[in-house]
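Undergrad: To start, I am sharing the structure in question, which I have written as structure tokens.
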Ligand SMILES: [Zn+2]
């Protein structure tokens, strides 16, 4: 670990032992005022934590050692794993969230996130498809970090998958059932139904989040799976 990437240690007691190797990163927002968020993330009564917290000014605080299982994802699912906490590094972004006036993410925060994430992804050999939002792994319950999170900035640095550009024309899925099966194959928990479609839209087509399966979201999903099956991504 490059020690310059972490500015402060604030150990949280809210962790236990991992049951799986690290293969994912889950990004969150705190949805509360900073001091309250840090109190909660270190409060033994709250039973929540994350490995890192990044303030809007770009201060990176380490709360839990990466070797331990932090408690950030709750009941979650991604690509066959239900114990997302065991398989992931959790990063909380200081942000008011949807509940307190949703807005774009602060530039210093993103500038601190990019090198930290780069370091994490390299050290653990994490697949770009496994750098996800909380809403991707818990679509029925969560919407963070939300549609204004700059996934494109991460993708430019090859830290997550980019939104597919060249799309096949037309709707590649003949019916909703086949779209859902593909969505599950990509990684989502489809038992959330329309909420899973909303989570997919929030991440991949944030201009319209309505839970409806249209030709464009179908084409995006189809291309993502094609890229993965062809070995372009993993
Ligand atoms: Zn979250």
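In our numbering, the protein residues as written are 75 to 308.
In this text, a Cβ means the ideal position worked out from N, Cα and C, and glycines have one as well.
It should be emphasised that the depicted structure is a prediction, and the values quoted were computed from it without experimental measurement.
1) Just how far apart, CA to CA, sit residue 86 and residue 259?
2) Closer than 8 Å is the cut-off here; do at least three beta carbon pairs connect the segment 220–236 with the segment 266–273?
3) So does the segment 215–233 actually touch the segment 243–252, counting three or more Cβ pairs closer than 8 Å?
4) Tell me whether the segment 91–103 and the segment 198–211 touch, counting them as touching only if at least three CB pairs, one residue from each stretch, are closer than 8 Å.
5) Going by the C-beta, is residue 216 closer than 7 Å to any heavy atom of ligand 3?
6) Which parts of the segment 201–263 are runs of the alpha helix (DSSP H), unbroken and 4 residues or longer, counting only runs that do not cross its ends?
7) I need the boundaries of the beta strand (DSSP E) containing residue 89, first residue and last residue.
8) According to the neighbour-count rule (16 or more other Cβ atoms, all chains shown, within 10 Å of its Cβ), is residue 209 buried or exposed?
9) Under 8 Å between the Cβ atoms of residue 165 and residue 140?
10) Among 296, 138, 109, which one has its Cα closest to the Cα of residue 91?
11) Going by DSSP, name the residue or residues bridged to residue 98.
12) For a test of your reading of the model: does the CB of residue 155 fall under 7 Å from any non-hydrogen atom of ligand 1? Yes or no.
13) Quick check on this structure: which residue in 299, 109, 124 has the alpha carbon closest to the alpha carbon of residue 89?
14) Taking the Cβ atom as the reference point for each residue, do residue 192 and residue 94 lie within a distance shorter than 8 Å?
15) Smallest Cα separation from residue 299: which of 280, 285, 255?
16) Suppose the cutoff is 7 Å on Cβ atoms and the five residues either side in sequence are ignored; what does the same chain contact list for residue 211 look like?
17) What number of angstroms, rounded off, separates the C-alpha of residue 154 from the C-alpha of residue 168?
18) Where does residue 278 fall in DSSP's three states?
19) What span of residues does the alpha helix (DSSP H) with residue 195 cover, start to end?
20) Between residue 102 and ligand 1, is there a pair consisting of the residue's CB and a ligand heavy atom that are separated by less than 7 Å?
21) Which term fits residue 261, buried or exposed, when burial requires 16 or more other beta carbons within 10 angstroms of its beta carbon?
22) Tell me whether residue 291 sits in a helix, a strand or coil according to DSSP, three-state version.
23) Starting from residue 143 and walking both ways along the beta strand (DSSP E), at which residues does that stretch end?
24) In angstroms with no decimal places, state the Cα-to-Cα distance between residue 120 and residue 114.
TA: On the basis of the coordinates in this document:
1) By one-based count along the chain shown, residue 86 stands at place 12. By one-based count along the chain shown, residue 259 stands at place 185. Cα-Cα distance, rounded: 35 Å.
2) With contact defined as three or more Cβ pairs closer than 8 Å, the segment 220–236 and the segment 266–273 are not in contact.
3) No, they do not touch.
4) Touching, yes, given that three or more Cβ pairs across the two stretches are closer than 8 Å.
5) What this structure holds is ligand 1, not ligand 3.
6) Counting only runs of 4 or more, we get 208–211, 225–230, 250–260.
7) Mapped onto the chain shown, residue 89 falls at position 15. Secondary structure note for residue 89: its beta strand (DSSP E) is the uninterrupted segment 89–91.
8) Mapped onto the chain shown, residue 209 falls at position 135. With 16 or more other Cβ atoms within 10 Å, it is buried.
9) Residue 165 sits at position 91 when you count from the first residue of the chain shown. Residue 140 sits at position 66 when you count from the first residue of the chain shown. Not a contact, by the Cβ cut-off of 8 Å.
10) The residue labelled residue 91 in the question sits at position 17 within the chain shown. Residue 138 is the option with its Cα nearest to residue 91.
11) Indexing the chain shown from 1 puts residue 98 at position 24. According to DSSP, which records beta bridges pairwise, residue 98 is partnered with 162.
12) In the chain shown, residue 155 corresponds to position 81, counting from 1. No heavy atom of ligand 1 is found nearer than 7 Å to the CB of residue 155.
13) For the purposes of this step, residue 89 is taken as residue 15 along the chain shown, with counting starting at 1. When C-alpha distances from residue 89 are compared across 299, 109, 124, the shortest belongs to 124.
14) Taking the first residue of the chain shown as 1, we reach residue 192 at position 118. Taking the first residue of the chain shown as 1, we reach residue 94 at position 20. Note that the C-beta distance between residue 192 and residue 94 is not below 8 Å.
15) Locating residue 299 in the chain shown gives position 225, counting from the first residue. Residue 299 has its Cα closest to that of 255, out of 280, 285, 255.
16) The residue labelled residue 211 in the question sits at position 137 within the chain shown. Closer than 7 Å at the Cβ level, and outside the excluded window around residue 211, lie 100, 147, 150, 151, 152, 158.
17) As a working mapping, residue 154 is identified with position 80 in the chain shown. As a working mapping, residue 168 is identified with position 94 in the chain shown. Each residue's alpha carbon lies about 29 Å from the other.
18) Your numbering for residue 278 matches position 204 in the chain shown. Looking at residue 278 - three-state DSSP - the assignment turns out to be helix.
19) Taking the chain shown and counting its residues from 1, the one referred to as residue 195 is at position 121. Counted as a single uninterrupted DSSP element, the alpha helix (DSSP H) harbouring residue 195 occupies residues 181–198.
20) Along the chain shown, read from residue 1 onward, the residue named residue 102 stands at position 28. In this structure, residue 102 has its beta carbon less than 7 Å from a heavy atom of ligand 1.
21) Numbered from 1 along the chain shown, position 187 holds the residue referred to as residue 261. Taking every protein chain shown into account, the CB of residue 261 has 16 or more other CB atoms within 10 angstroms, so this residue is buried.
22) Position 217 of the chain shown holds residue 291. When DSSP states are grouped into helix, strand and coil, residue 291 belongs to the helix group.
23) Locating residue 143 in the chain shown gives position 69, counting from the first residue. Taken as a continuous stretch (DSSP letters only), the beta strand (DSSP E) holding residue 143 covers 142–144.
24) Taking the first residue of the chain shown as 1, we reach residue 120 at position 46. Taking the first residue of the chain shown as 1, we reach residue 114 at position 40. The alpha-carbon of residue 120 is positioned some 6 Å away from that of residue 114.
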